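Enquirer: Chains as they are written, first to last, in the working numbering: chain L, 13 to 235; chain W, 13 to 235; chain R, 13 to 235; chain Z, 13 to 235.
Ideal Cβ placement from N, Cα and C applies to all residues, glycine included.
Keep in mind the model is a prediction, meaning the values are calculated, not measured.
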DNA sequence: TATGAATGAGCCTTCATTCAT
DNA sequence: AATGAATGAAGGCTCATTCAT
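Structure, rendered in structure tokens:
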């Protein structure tokens with residue numbers, strides 16, 4: 013039966029940066045032209061997923077956006093899901109790197125300022141990759157591979173933050189506080205990029221940093 | 013002839029109380045039996061949307077869960093979307109009521125304690141209706157009626173909080189801070205109910221309240 | 013993911029005659045109209061598989077022949093394969109019944125005559141169901157469920173014949189001889205129904221009976 | 013523009029020796045390298061058709077088995093069908109040669125023994141080329157060129173046997189008996205090579221010869 | 001009021017064949 | 001002579017919605 017030949021996805025793609033990006037199931041080596049097509053497909057996928065969301069995104073949309081054909085799509089990806097995974101893994105990399113770069117938190121102005129810089133980096137990442145991140149949290153796929161990737165990511169991300177919160181020696185429960193703060197950062201960025209609320213990025217970044225800082229070391233200047 | 017699947021729904025259907033409960037298009041008056049069927053469908057819908065999410069939920073699943081037939085479903089709702097709307101409007105009511113009940117924020121222990129109670133009410137509401145709330149934020153339907161309902165709700169909810177934050181006379185930008193705090197509450201509840209992270213409700217509620225309070229009035233007891 | 017909901021076929025449908033005939037995966041009870049549609053689909057399937065063969069047969073062809081829709085097809089069968097299985101199991105029943113009715117073989121004219129009658133029954137069965145039988149032997153599906161059904165059938169059929177051959181106390185290896193004779197009967201019928209060779213059924217039946225008889229008890233009247 | 017998949021092939025291409033080997037449409041003369049590539053493709057085709065059957069065999073499988081590319085495939089064959097035809101014609105040659113070598117049938121032990129040798133040659137041929145032979149009889153392609161080749165072959169093969177049967181002066185209808193015996197030989201070999209039944213080749217060959225002989229001249233030693 | 005049955009547009013995916021280098 | 005890449009017409013299957021009783 014032909015179906016059984018359906019290229020099984022190669023699963024836990026190892027972390028090498030160059031293999032990360034959605035190579036075709038068979039792991040063919042790509043020439044210049046192929047690389048360009050792959051790039052176009054990844055770009056198109058990011059765009060279309062962003063615009064329509066995972067479920068509403070049609071392979072046809074992606075293919076048109078990439079100015080290529082259905083056949084070509086399946087030359088590079090085993091399925092729509094596979095393309096999404098490729099994008100998601102890239103984003104996950106970026107997020108984890110960011111998590112590891114979280115600066116030590118200190119009560120002084122320097123602490124606040126470096127925290128603000130970090131939140132700003134997050135915001136920029138979210139601006140590019142928000143749609144993919146959001147898709148992870150779509151309730152529908154919680155118990156799929158995506159859900160797992162998303163969950164793992166959230167966990168690792170939160171853990172990183174937990175360490176810093178603990179080091180900050182605040183009275184609150186570090187675990188839960190870290191969770192709450194991650195939640196805040198993620199969602200606030202979502203609201204803003206989804207333009208559900210009209211707020212500039214700078215303002216949001218400032219406020220997020222301040223709230224985070226305050227929740228650990230006390231409010232800023234009281235009125 | 014089945015309507016094209018992408019066909020936009022028949023529209024606005026204002027939030028009048030009698031349409032609230034998802035009556036069939038004709039707005040028939042229901043006898044006892046009809047009311048029970050309607051109830052079963054609403055329950056089933058809530059359950060199935062919760063389990064599978066909006067897109068993955070099949071009318072067939074709902075109909076089976078309600079122990080009734082497809083034909084009957086369309087006797088009570090114009091579409092799958094219509095059922096979701098009925099559920100969503102109910103939740104929106106609860107949320108707005110909750111928003112209006114947000115207590116005045118004060119720097120003392122009483123303020124913290126009443127804030128905690130309020131967060132707890134939110135958590136309980138979320139426990140029941142999280143899936144519906146989450147569905148609002150699914151990227152895929154941002155620009156549909158749901159998106160609007162969700163957006164409106166978030167806005168009103170945030171506004172309520174904004175008033176309180178402003179009254180608290182903290183130095184931070186009240187608009188954005190309110191947004192950030194709403195984001196935090198919503199997402200934290202999501203993480204916890206989605207069990208992406210193992211935290212008890214009580215802990216989460218406590219911490220959320222503390223973080224909110226601290227971000228306005230300063231950190232709790234430093235270590 | 014919707015796909016995962018795809019009705020898994022219920023596998024080894026138990027042998028009850030009434031469940032044999034391709035009930036929908038969920039085993040719904042059918043009313044008069046449903047039964048008629050099911051019948052139309054089975055008929056159409058038999059016809060189309062006969063005309064085009066399993067692979068070349070399109071669900072679309074079957075659906076058109078049954079004057080119904082794609083959707084309806086999948087209401088009754090989980091897949092094209094499932095419909096074929098339903099037909100195949102019916103034929104297998106008929107074949108096994110026939111096998112069990114194989115008369116004792118005796119050297120005299122009565123033996124030859126009852127053998128001829130039996131071969132005639134086989135020919136009539138083959139006339140109706142040849143296409144399905146042939147499809148079993150399509151090389152492509154040897155190692156699928158069909159292949160197994162076909163193989164099992166051939167084995168049981170041959171075994172029945174083996175008993176008779178053994179009882180006939182001929183000098184030849186009963187196992188292999190039975191196999192050879194079954195092979196002969198099947199293929200000869202194929203050649204004739206496929207009209208690859210112009211021979212009337214009566215002639216073929218006569219000759220097959222004679223050859224079978226002769227191979228056990230000696231040639232008929234020599235010239 | 014890819015040709016429509018159902019497009020009938022470019023036609024008759026008579027059996028002239030130079031087209032026999034599946035030369036590309038242009039009938040180019042091949043150098044050493046080209047000949048090796050052609051050989052690899054033919055081998056690969058035989059293997060893949062054998063493993064998967066005609067329909068399930070993918071050009072991709074063949075190309076991989078031949079360690080070459082799609083482009084190259086179409087340099088040597090006009091289509092998948094064209095490759096199959098090349099293989100089929102070769103087999104047909106072998107079969108016809110075999111048919112012509114059928115020894116005169118005599119009632120004595122020599123007759124039986126030479127018949128056995130001949131059946132053995134058939135079995136060896138079938139072992140190599142069974143899949144191709146079987147494909148001829150796939151119902152799906154009965155009315156295509158393959159069907160014709162297969163039909164012609166069967167006819168010629170049967171005719172050869174008919175002569176011998178007639179010469180044997182048995183009482184039975186020579187035409188039909190020949191058909192029956194060919195059917196038996198072919199199918200029995202199929203059952204055995206398809207391993208649908210566990211019988212050694214030698215046993216099968218012996219029994220086939222005995223049955224054939226007995227059906228003409230009387231049973232062997234009675235018990 | 002209820003329901004079993006029917007519908008068909010639309011989606012994802014496959015794969016023989018052609019193109020460009 | 002060779003090949004990696006591209007193509008797109010089908011085909012199987014799904015599921016929201018409508019029909020007939």
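From residue 67 of chain L to residue 84 of chain W, what distance separates their C-alpha atoms?
Expert: Roughly 27 Å separates the two Cα atoms.
Enquirer: Could you check how far apart the C-beta atoms of residue 57 of chain W and residue 101 of chain W are, in whole angstroms? I think they sit under 8 Å.
Expert: Actually they are not in contact, since the Cβ atoms of residue 57 of chain W and residue 101 of chain W sit about 13 Å apart, beyond 8 Å.
Enquirer: Can you confirm whether residue 11 of chain R, when its beta carbon is compared against all beta carbons of chain Z, has any partner nearer than 8 Å?
Expert: For chain R, the structure presents residues 13 to 235; residue 11 of chain R sits outside this window and is missing.
Enquirer: Under 8 Å, Cβ to Cβ, is there at least one residue of chain R near residue 230 of chain Z?
Expert: Closer than 8 Å to the CB of residue 230 of chain Z there is at least one CB belonging to chain R.
Enquirer: Looking at C-alpha atoms only, which residue of R:125, R:222 and R:134 is the closest neighbour of residue 108 of chain R?
Expert: R:134
Enquirer: Taking Cβ positions only, does residue 175 of chain R come closer than 8 Å to chain Z?
Expert: no
Enquirer: Could you give the uninterrupted runs of the beta strand (DSSP E) lying entirely in the segment 129-182 of chain L, keeping only those of 3 residues or more?
Expert: Within the segment 129-182 of chain L, no complete beta strand (DSSP E) run reaches 3 residues.
Enquirer: Between residue 132 of chain R and the rest of its own chain, which residues show a CB-CB distance below 7 Å, the 5 nearest in sequence each way excluded?
Expert: Excluding sequence neighbours, residue 132 of chain R sits near 217.
Enquirer: Report the CB separation of residue 111 of chain L from residue 158 of chain L in whole angstroms; it is logged as a contact under 8 Å.
Expert: Wrong, their Cβ atoms sit about 19 Å apart, outside the cutoff.
Enquirer: Counting only Cβ pairs nearer than 9 Å, list the residues of chain R close to residue 187 of chain Z.
Expert: For residue 187 of chain Z, the C-beta contacts it makes with chain R under 9 Å involve 209, 211, 215 and 219, in order along the chain.
Enquirer: Measure the alpha-carbon distance for residue 125 of chain L versus residue 226 of chain W and round it to whole angstroms.
Expert: 19 Å
Enquirer: Using 8 Å as the limit for Cβ to Cβ distance, is residue 67 of chain W near chain L?
Expert: Under the 8 Å criterion on CB atoms, residue 67 of chain W is classed as interfacial with respect to chain L.
Enquirer: Can you tell me whether residue 212 of chain R is helix, strand or coil according to DSSP?
Expert: coil
Enquirer: Return the CA-CA distance between residue 106 of chain Z and residue 87 of chain Z, expressed in angstroms with no decimal places.
Expert: 27 Å
Enquirer: Measure how close the beta-carbons of residue 284 of chain Z and residue 211 of chain Z come, nearest whole angstrom, since I'm counting them as under 8 Å.
Expert: There is no way to answer for residue 284 of chain Z, as the model of chain Z reaches only from 13 to 235.
Enquirer: Within the continuous alpha helix (DSSP H) that includes residue 205 of chain W, where are the two ends?
Expert: 186-205
Enquirer: For residue 77 of chain L and residue 60 of chain L, what's the separation of their Cα atoms in angstroms?
Expert: 8 Å
Enquirer: With distances taken between CB atoms, is the gap from residue 50 of chain Z to residue 80 of chain Z smaller than 8 Å?
Expert: Contact annotation: residue 50 of chain Z and residue 80 of chain Z have beta-carbon atoms that are not nearer than 8 Å.
Enquirer: Just the C-alpha distance for residue 142 of chain L and residue 166 of chain L, rounded to the nearest angstrom, thanks.
Expert: 14 Å
Enquirer: Under 7 Å Cβ to Cβ from residue 128 of chain R, same chain only, skipping five residues before and after it: list those, please.
Expert: 217, 218 and 221
Enquirer: Could you list the residues in the segment 82-110 of chain L with a C-beta less than 8 Å from some C-beta on chain W, going in chain order?
Expert: none
Enquirer: Report the rounded CA-to-CA distance for residue 34 of chain Z versus residue 73 of chain Z, giving the unit in angstroms.
Expert: Because the pLDDT at residue 34 of chain Z is just 45, under 50, the model does not fix this residue reliably, and the point stays unresolved.
Enquirer: Is the beta carbon of residue 192 of chain Z closer than 8 Å to that of residue 90 of chain R?
Expert: no
Enquirer: Could you give the DSSP three-state label for residue 87 of chain W: helix, strand or coil?
Expert: helix
Enquirer: Determine whether the Cβ of residue 59 of chain R lies closer than 8 Å to any Cβ atom of chain Z.
Expert: no
Enquirer: From what residue to what residue does the alpha helix (DSSP H) around residue 106 of chain Z run?
Expert: 92-112 is the extent of the alpha helix (DSSP H) around residue 106 of chain Z.
Enquirer: Can the beta-carbon of residue 75 of chain R be found closer than 8 Å to that of residue 103 of chain R?
Expert: no
Enquirer: Could you list which residues in chain Z have their beta carbon closer than 8 Å to that of residue 198 of chain R, in chain order?
Expert: 195 and 199
Enquirer: In angstroms with no decimal places, state the Cα-to-Cα distance between residue 45 of chain L and residue 172 of chain L.
Expert: 40 Å
Enquirer: Here's the rule: buried if 16 or more other CB atoms are within 10 angstroms of the residue's CB, otherwise exposed. What is residue 152 of chain W?
Expert: The pLDDT assigned to residue 152 of chain W is 48, lower than 50, so where the model puts this residue is not dependable; a value taken from the coordinates is nonetheless given after this. Label assigned to residue 152 of chain W: buried.
Enquirer: Does the beta carbon of residue 117 of chain R come closer than 8 Å to any beta carbon on chain Z?
Expert: Taking 8 Å as the CB threshold, residue 117 of chain R stays off the interface with chain Z.
Enquirer: Residues in its own chain within less than 6 Å of residue 62 of chain R by CB, not counting five upstream and five downstream?
Expert: The residues 143, in chain order, have a CB closer than 6 Å to that of residue 62 of chain R in the same chain once the five nearest residues on each side in sequence are set aside.
Enquirer: Taking C-alpha atoms, which residue in Z:195, Z:116 and Z:96 lies nearest to residue 181 of chain Z?
Expert: Z:116
Enquirer: Does residue 191 of chain L have its Cβ less than 8 Å from a Cβ in chain W?
Expert: Chain W contact via Cβ: present.
Enquirer: Using a C-beta to C-beta distance shorter than 7 Å, which residues of chain W count as neighbours of residue 238 of chain L?
Expert: As displayed, chain L neither begins before 13 nor continues past 235, which places residue 238 of chain L out of reach and without an answer.
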